[in-house]
Structures are given as structure tokens and as C-alpha cells.
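Reviewing the structure listed below.
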Amino acid sequence: EVYFKNLSKQRQKEVMEKNGNNHKLRVCVATCNRADYSKLAPIMFGIKAEPQFFELDVVVLGSHLIDDYGNTYRMIEQDDFDIHTRLHTIVRGEDEAAMVESVGLALVKLPDVLNRLKPDIMIVHGDRFDALALATSAALMNIRILHIEGGEVSGTIDDSIRHAITKLAHYHVCCTRSAEQHLIAMCEDHDRILLAGCPSYDKLLSAKNKDYMSIISMWLGEDVKTRDYIVALQHPVTTDIKHSIKMFELTLDALISFNKRTLVLFPNVDAGSKEMVRVMRKKGIEHHPNFRAVKHVPFDQFIQLVAHAGCMIGNSSCGVREVGAFGTPVINLGTRQTGRETGENVLHVRDADTQDKILHALQLQFGKQYPCSKIYGDGNAVPRILKFLKSIDLKEPLQKKFCFPPVKDNISQDIDHILETQSALAVDLGGTNLRVAIVSMKGEIVKKYTQLNPKTYEDRLALILKMCVEAASEAVNVNCRILGVGISTGGRVNPREGIVLHSTKLIQEWSSVDLRTPISDALHLPVWVDNDGNCAALAERKFGHGKGVENFVTLITGTGIGGGIVHQHELIHGSSFCAAELGHIVVSLDGPECLCGSQGCIEAYASGIALQREAKKLHDDDLLLVEGMSMKEEEIVSAAHLIQAAKLGNTKAESILRTAGTALGLGVVNILHTVNPSLVILSGVLANHYVNAVKDVINRQALSSVKTVDVVVSNLADPALLGAASLVLDYTTRRIY
134 EVYFKNLSKQ RQKEVMEKNG NNHKLRVCVA TCNRADYSKL APIMFGIKAE
184 PQFFELDVVV LGSHLIDDYG NTYRMIEQDD FDIHTRLHTI VRGEDEAAMV
234 ESVGLALVKL PDVLNRLKPD IMIVHGDRFD ALALATSAAL MNIRILHIEG
284 GEVSGTIDDS IRHAITKLAH YHVCCTRSAE QHLIAMCEDH DRILLAGCPS
334 YDKLLSAKNK DYMSIISMWL GEDVKTRDYI VALQHPVTTD IKHSIKMFEL
384 TLDALISFNK RTLVLFPNVD AGSKEMVRVM RKKGIEHHPN FRAVKHVPFD
434 QFIQLVAHAG CMIGNSSCGV REVGAFGTPV INLGTRQTGR ETGENVLHVR
484 DADTQDKILH ALQLQFGKQY PCSKIYGDGN AVPRILKFLK SIDLKEPLQK
534 KFCFPPVKDN ISQDIDHILE TQSALAVDLG GTNLRVAIVS MKGEIVKKYT
584 QLNPKTYEDR LALILKMCVE AASEAVNVNC RILGVGISTG GRVNPREGIV
634 LHSTKLIQEW SSVDLRTPIS DALHLPVWVD NDGNCAALAE RKFGHGKGVE
684 NFVTLITGTG IGGGIVHQHE LIHGSSFCAA ELGHIVVSLD GPECLCGSQG
734 CIEAYASGIA LQREAKKLHD DDLLLVEGMS MKEEEIVSAA HLIQAAKLGN
784 TKAESILRTA GTALGLGVVN ILHTVNPSLV ILSGVLANHY VNAVKDVINR
834 QALSSVKTVD VVVSNLADPA LLGAASLVLD YTTRRIY
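For what it's worth, the numbering used here labels the leading residue of the sequence shown as 134, then goes sequentially.
Structure follows, in C-alpha cells:
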């Protein structure tokens with residue numbers, strides 16, 4: 134924060150000198166409806182709080198001024214903003230023609246307002262037809278435009294409008310990395326794009342702890358408890374009005390059948406909204422004892438309602454964007470938000486012919502609690518936007534410049550050209566050590582922390598939380614933005630729920646452990662958990678030899694033997710999350726006993742523990758040490774001593790390593806005959822010692838059709854941490870219903 138403030142002051146001084154010391158930036162914020170005001174209000178408060186830099190003019194138009202939509206301009210007045218101009222621009226009719234006429238009416242009225250205000254810059258939000266009229270007017274009148282939330286993808290005509298505004302706008306504030314990349318791909322100037330996050334998240338992330346029971350009682354009744362009601366908000370899809378009305382009808386039928394108290398908000402002013410209101414009245418929603426139908430809920434109160442709801446249903450962008458900040462379950466209906474980035478709390482129902490599919494989705498989602506998602510923001514958007522505004526040089530030419538291909542590589546710069554690295558917190562839970570690292574999008578380990586792994590569950594979880602909190606704090610100092618936490622651990626893991634089902638004997642008291650919930654609650658970040666072998670495969674897929682390979686297998690050769698299987702670019706978990714326990718492939722019916730209780734497993738031959746066992750036997754018989762070797766009295770015999778002895782010509786040690794390599798090779802042959810990968814990656818400290826032996830066994834024992842497989846040694850320095858980071862950076866949790 135201190136760094137940010139000092140940097141901001143320095144930049145503000147430079148810009149004030151450029152623009153003239155007495156010139157304040159005159160900013161016009163135009164708001165069209167309740168939804169865009171929720172995004173613009175935090176920016177407006179920020180501008181108003183710095184009168185030494187800005188002059189704020191507020192223009193209100195669109196559905197704000199219509200009684201049927203709640204006369205929502207009043208909430209702007211309640212927020213103590215002076216409204217400079219009110220423009221009645223909506224032509225009633227709620228059909229396609231009325232939308233076109235409304236744009237035309239706004240274009241007729243806006244020039245006079247802009248001539249009087251003469252703003253230096255106009256802030257326009259989103260993808261509504263009213264916003265298109267605003268951007269068109271400002272562009273033609275040579276007024277700079279700052280567009281909020283450009284570059285995103287969704288369904289209906291909104292997509293086209295959003296991208297049209299992007300081409301008219303001079304500056305862009307986007308919410309996600311993908312949106313930023315879309316803007317770059319659309320040839321927008323890299324230096325005029327700010328990845329800030331969604332402004333509404335600045336309020337969202339500090340809102341949940343406020344008093345909420347009185348708000349729930351006011352809107353839904355005094356007998357309603359938290360997590361025991363539904364919020365429904367559904368709008369017409371302008372490119373398929375008939376289908377969206379049918380979908381709305383089925384939604385109401387499902388909600389009636391589900392029999393839970395439900396707050397239904399009226400749809401927006403788009404074409405088709407009148408028909409949707411008729412459907413509500415036809416079904417008696419306004420008088421039904423389980424329903425409360427309202428035209429508008431103030432945003433502060435709406436936040437509390439969705440934060441403590443059992444579920445939100447509909448097709449509003451609020452469901453896939455803001456609600457993820459609270460982990461509230463969401464059912465997204467239809468195609469209106471197709472293409473939006475979503476957290477794992479969102480269940481999509483793309484199409485429905487009967488109410489049954491929607492009803493089943495309600496049964497699946499209602500009452501669940503998901504990890505909080507920060508896909509769309511981290512609560513610091515407004516300071517970034519204000520800093521961006523202060524950096525605008527009004528002496529620069531107004532004419533837009535487009536950056537046509539070739540496009541720069543994956544780069545995001547704020548106005549000070551300082552890279553804010555998108556990163557993950559990676560946790561590696563080993564038998565001996567507990568490690569936490571900040572890992573960048575490119576696989577660079579920015580900072581790493583190591584502690585001895587405590588023996589008890591309570592101490593271990595407390596240490597994980599402590600180390601993660603320290604790392605998250607340090608991330609600010611090294612200019613990294615943490616997207617989530619990925620955890621790599623031994624044993625069998627349910628990655629869908631973030632639970633360690635049971636672990637290896639190396640990690641005690643580590644069965645039926647929910648890792649996701651306490652860490653997500655403490656850090657307010659999404660958390661992913663997976664087996665260490667699977668994480669190694671994910672690391673190879675994103676950063677190593679597996680990048681771009683459709684089918685490959687990773688084998689970890691270390692203290693134990695593990696692995697992961699990637700088939701058609703996807704990680705295989707299996708029906709009970711036991712896939713890729715490759716160390717427990719049996720290669721001999723009467724082989725040595727394995728830690729799993731079986732005999733003849735690869736791990737019983739080729740793991741570090743197995744080699745240590747054989748080394749101790751040789752040492753006890755005085756057959757380990759050869760010329761050139763020495764051991765201190767208190768030194769513990771390890772696999773390293775066996776390998777050293779073999780290198781110095783100890784035939785017994787050579788025979789043990791040869792047997793271990795053969796066992797591992799036979800296991801690989803079984804894998805080749807089962808899943809037929811094109812690549813096998815050996816990872817871990819023993820990989821270099823085994824690679825040639827594995828290749829020899831494949832040449833002798835494998836079917837000719839699989840002998841062409843590539844066998845390579847991993848070039849990743851730390852696959853466990855990189856794999857844990859990959860869970861966050863690359864491993865999707867979206868679900869399609």
C-alpha cells in the first residue's frame with residue numbers, strides 16, 4: 134500500500150505538470166439502469182472523494198427514470214450525488230423496434246447535454262443499447278471515452294454492442310485476464326488497457342459481515358432464515374425472445390414446485406420484458422405466499438440478500454459475476470451469459486423443455502456453500518481506476534490508435550508499465566516438509582517457504598494457514614495478484630470437494646480431511662486440492678514436456694512411486710479418485726511387501742524407501758561399502774548410498790538397481806498396453822537412474838505398436854509446486870448441466 138501511494142503521488146505530480154497545475158479532469162459519468170449504477174457508483178464515490186483532481190458530472194437516462202422499473206434514479210440522489218441532467222430516452226413498447234427508437238431518441242438528446250458539460254472524459258459501462266448511444270455521441274463530439282467491462286463474452290445482442298463500444302472507446306478498464314486478452318486481440322492499444330477488476334467487488338468483498346437479518350426480513354418476511362430462500366432474476370434474450378419467455382415460464386413452474394420462499398425481481402427494459410411480466414401475473418406470482426415480486430432492491434441490500442441466499446437462479450450477469458464472491462450457489466439459465474467466466478458455484482442449464490431439469494438443478498444446488506471466487510476482482514479496482522484517470526494526458530492526440538497484428542505476447546501493463554503478475558499460492562504437503570510458494574503464470578517460483586511438516590492434524594492445518602497468509606501478504610510486495618490456492622498432497626483425494634479421503638503412511642492423521650473450506654474461508658480465495666502424482670502431470674501439461682501433448686503419463690520416482698495420466702488433454706481421476714496409483718501396479722506375485730499391504734508392487738522395488746531397505750540389508754551384511762566410500766557412525770543408510778556404491782562397482786548394488794529399473798520398466802509396459810500414451814515422463818530424484826532401464830524393458834517386452842513411445846526425464850525443477858499452481862492457473866472447475 135505504501136508503495137502504491139508513493140507511486141501514485143509521483144505519477145499524479147507528473148500528470149498535473151503535463152495538464153497544467155490548475156486543471157482538474159472533468160469526468161462525466163452516465164448511468165442508464167440499476168445494474169450499471171452498481172458498477173459505476175464505487176468509481177463515482179472515488180472521484181467525488183478527490184475534488185482536487187476531478188470534477189464530476191452525473192447524467193441519468195434510460196430505465197432509471199421509469200416508474201415500472203422502480204424510478205431507480207432516487208438511489209443516486211440518496212447516495213448524495215448531484216444529477217446534472219435527466220434524459221427520458223426510453224420509448225415504451227419493450228420490443229425490438231422500441232429498443233432502436235430509444236437509441237435514436239438518446240442520440241437526439243445527448244449532443245445538447247454534452248455541449249453544455251464539455252467533459253474531458255466520459256465513463257461508459259457495459260453492453261446496453263443506452264450505452265451504445267452514449268459512446269456514439271461522445272465519439273462523434275471528440276470526447277474521450279473510458280469503457281468499463283469491455284472485452285468480455287456473453288450471449289445475445291449485448292456481445293455485439295459491447296464490442297462496438299470498445300471500438301469507439303479510447304481507454305478500457307477490464308475485469309479479467311481473458312477480457313484483457315480479447316481487447317488486445319481486437320487491436321486495442323495495450324497502454325490504454327487497465328486490468329483493474331470489477332468496481333462492484335470493492336463493495337462486495339467488505340459487505341458480507343454487515344447486519345443482514347433485518348434486510349432479509351424486510352424483503353422476504355420475518356420467518357425466513359439464511360440459506361433458506363432463493364433470489365430469482367431473469368431477463369429476456371433479445372435474439373430469441375420466444376424461447377426466453379418459455380424458459381422463464383418453466384423457471385417459475387419449477388420454483389412453485391420447489392416450494393421455497395423466493396424473491397423475484399422484475400426483468401430489465403429489453404425487448405420481451407413486457408411478455409415476461411405477463412407470465413408472472415398469469416401465474417399469480419405477485420400474490421403467491423411463497424413469492425415476493427419487486428421492481429428494484431438497492432444494491433447494498435441486494436448484496437446481502439444474494440450473499441445469504443440458498444441459491445440464485447436466472448440469467449443475470451450478477452449471478453455469474455458478483456455472486457461468486459460469496460460462494461452462493463447459482464443456476465444460470467439459457468444462453469444469455471454464454472462465454473462468461475464463472476466460478477465452480479455456477480451450474481448451467483443451457484436448455485430446458487420441461488420444468489424437471491430446472492427443478493433437478495434446484496435440488497442439486499440449493500443450500501450448498503462453495504469457495505469464494507475472485508475471478509472478477511480483488512476489491513481494489515477503484516484505486517487502480519482513479520490512478521489510471523489521473524494518468525490521462527489531455528495533450529495527447531485524441532485520434533485512436535489500433536495495434537494491428539502481430540500482437541504482443543501475454544503482457545498486462547498498468548499505466549506505470551509495472552507488471553502485476555497473475556499468480557497462484559502453491560502448497561506441497563510432503564511426508565517430511567510443508568512448502569508454500571508464490572508461482573507466476575509462466576511457472577516462475579517467485580517466493581518459497583519451507584517448514585517441517587507437523588505430526589498432528591491440528592498443527593498441520595494451522596501451519597498451512599499461517600504460511601499461506603504470510604505468502605499472500607508477501608505477494609503484494611512482489612507485485613503478484615493471487616488467483617487461488619492449489620494444494621498437492623499424498624494419498625487419495627476427492628478434487629471436486631477438496632477432501633483428502635485417506636493418505637499415505639508418510640503423512641499421519643490425514644484422512645477424511647476437508648482442506649478446501651478452512652483455507653478458502655481464511656483467505657477468501659478459491660482452493661483446489663489434488664493428489665501429488667496428478668499435480669505432477671498437470672505441471673508437465675502446463676510447463677513441461679507434456680505441453681500440447683494429447684495423451685501422456687507422468688511417473689514420479691521418489692520416496693514412493695506415483696503418477697498421473699492425461700488422456701485427450703484431460704487429467705484422469707477415475708470413478709473413486711484412485712486412477713494413476715501407478716506405484717501399486719503389481720509386477721511380481723511373490724515380490725517384496727509394499728507399504729500398501731500387497732506384494733510385488735513397483736513401489737516395493739523402485740521407490741526410495743525400497744532402495745533404502747535393500748541398502749540397509751547390504752550394510753548390515755558389510756556388503757555395501759566399497760573402495761572410495763565412507764560413512765560416519767551415526768549416518769543413516771539411504772538410497773543415495775546404494776546408488777553411490779553401484780557407481781563405484783559394487784555388483785550387489787548394481788543388481789538391486791537393475792532389478793528396480795526392470796520392475797519400473799515392466800510397470801511402464803503395462804501402462805503402455807492399457808492407455809497407449811505417446812509420451813512417458815519420468816520425474817523425481819531417481820528418474821535419471823531409471824530412464825535407460827525403462828527404455829530397455831520397453832524394447833524387450835512391449836508390443837511393437839507401442840515401442841515408439843518417447844520416454845523422457847522431466848526438466849521441471851519442482852513439479853509438485855508447479856502442479857499445485859497449475860490447479861489454479863489452468864485446471865478448470867466449470868460445469869455444464
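Every residue gets a Cβ at the ideal spot worked out from N, C-alpha and C, and that includes glycine. Quick caveat: nothing in here was measured; it's all calculated off a predicted structure.
Give every residue of the same chain whose Cβ lies closer than 6 Å to the Cβ of residue i, excluding the five residues on either side of it in the sequence, and list them in chain order.
| i | result |
| --- | --- |
| glutamate 419 | Ala426 |
| serine 859 | Leu671, Ala672, Lys675 |
| glutamate 787 | Ala779 |
| leucine 385 | Lys416 |
| glycine 619 | Ala557, Ala559, Trp661, Ala857, Ala858, Leu860, Val861 |
Out of the options, point me to the one whose CA is closest to residue i's CA.
| i | options | result |
| --- | --- | --- |
| isoleucine 597 | Val609, Gln777, Ser621 | Ser621 |
| serine 731 | Leu338, Ile718, Ile742 | Ile718 |
| valine 192 | Val357, Arg225, Ala271 | Ala271 |
| isoleucine 615 | Glu714, Val626, Val602 | Val602 |
| leucine 790 | Leu758, Val808, Ala743 | Ala743 |
| asparagine 610 | Gln701, Val579, Ser653, Ala669 | Val579 |
| histidine 305 | Phe521, Val241, Gly226 | Phe521 |
| aspartate 215 | Pro369, Met177, Val842 | Met177 |
| leucine 194 | Ala182, Ile571, Glu183, Arg219 | Arg219 |
| leucine 328 | Ser606, Gly679, Arg517, Tyr582 | Arg517 |
| alanine 826 | Pro810, Val845, Lys157 | Val845 |
| glycine 283 | Ser524, Glu382, His258 | His258 |
Determine the DSSP secondary structure at residue i, reduced to helix, strand or coil.
| i | result |
| --- | --- |
| tryptophan 661 | strand |
| serine 506 | coil |
| aspartate 549 | For aspartate 549, the pLDDT reaches just 37, beneath the cut-off of 50, and the residue's location in the model is therefore unreliable, leaving the point undetermined. |
| serine 859 | helix |
| phenylalanine 499 | coil |
| isoleucine 363 | strand |
| glutamine 584 | strand |
| arginine 261 | coil |
| valine 402 | coil |
| histidine 702 | coil |
| valine 286 | coil |
| asparagine 667 | helix |
| cysteine 307 | strand |
| threonine 164 | strand |
| alanine 297 | helix |
| serine 621 | strand |
| cysteine 734 | strand |
| glycine 724 | coil |
| alanine 739 | helix |
| serine 788 | helix |
| alanine 426 | strand |
| leucine 854 | helix |
| arginine 674 | helix |
Looking only at its own chain, which residues have a Cβ that is under 8 Å from the Cβ of residue i, when we skip the five neighbours before and after it?
| i | result |
| --- | --- |
| phenylalanine 499 | Ile363, Phe391, Lys393, Gly443, Cys444, Pro462 |
| arginine 167 | Ser196, His197, Tyr202, Gly203, Thr205, Met208, His429, Phe432 |
| leucine 722 | Gln732, Gly733 |
| leucine 585 | Thr565, Asn566, Leu567 |
| arginine 325 | His303, Tyr304, His305 |
Based on the DSSP secondary-structure assignment, which residues constitute the bridge partners of residue i?
| i | result |
| --- | --- |
| glycine 697 | Thr687 |
| serine 556 | Ser573, Ile615 |
| phenylalanine 187 | Leu158 |
| glycine 447 | Leu366, Asn465 |
| arginine 219 | Val193 |
| isoleucine 578 | Val572 |
For residue i, collect the residues of the same chain with a Cβ closer than 7 Å to its Cβ; drop the 5 residues on either side in sequence, then sort them by chain order.
| i | result |
| --- | --- |
| glycine 761 | Leu781 |
| leucine 704 | Asn667, Ala670, Leu671, Gly697 |
| methionine 380 | Leu466, Gly467, Ala485 |
| asparagine 275 | Leu531 |
| glycine 447 | Ala365, Leu366, Gln367, Leu466 |
| valine 236 | Phe262, Leu265, Ala266 |
| alanine 737 | Gly724, Pro725, Glu726, Cys727, Ala743 |
I'd like to know if the region 760-779 and the region 830-843 are in contact, where contact means that at least 3 CB-CB pairs between them fall below 8 Å. Contact fails: fewer than three Cβ-Cβ distances are below 8 Å.
Okay, do the region 645-663 and the region 688-695 touch, 3+ Cβ pairs below 8 Å being the bar? no
Counting Cβ pairs, one atom from each stretch, are 3 or more of them under 8 Å apart for the region 461-479 and the region 372-384? yes
Evaluate contact between the region 566-576 and the region 626-635, counting only Cβ atoms and requiring at least three cross-stretch pairs below 8 Å. no
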